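Everything below concerns the one structure shown next.
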Amino acid sequence: MLLTKKLYSDWTEIQGEYEDYMASLDFNTLNEIEEYIRVDYKLTANKAKQEVNKINIALNDTIEIEL
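The opening position of the sequence shown corresponds to residue 930 in the numbering used here, with each subsequent residue numbered one higher.
So this is what it looks like as structure tokens:
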């Protein structure tokens, strides 16, 4: 799964950038992302926090997280 801080105008812009694009979700906070991946991917709270925190330390606007 990719996380990005980059703002897109719509899903077609994302689709143009990522060949294997399937869907996008919009979140307002990192906590919302943590909760989503914790529940939907059945991660521990610690694993969800660890993955989402990667976006804070990343040098790039887009990162890949391991689910």
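Note that beta-carbon positions come from the ideal geometry of N, C-alpha and C, so glycine has one too.
This structure is a prediction, so every number in the text was calculated from the model and none was measured.
Applying the criterion that 16 or more other CB atoms from any shown protein chain within 10 Å of the CB defines a buried residue, is residue 968 buried or exposed?
exposed
According to the neighbour-count rule (16 or more other Cβ atoms, all chains shown, within 10 Å of its Cβ), is residue 993 buried or exposed?
exposed
Contacts around residue 958, its chain only, beta-carbon distance under 6 Å, and the 5 residues preceding and following it disregarded:
none
Where do the ends of the alpha helix (DSSP H) carrying residue 959 lie?
For residue 959, the uninterrupted alpha helix (DSSP H) segment begins and ends at 959-969.
Would residue 974 be called buried (16 or more neighbouring beta carbons within 10 Å of its own) or exposed?
With fewer than 16 Cβ atoms within 10 Å of its Cβ, residue 974 is classed as exposed.
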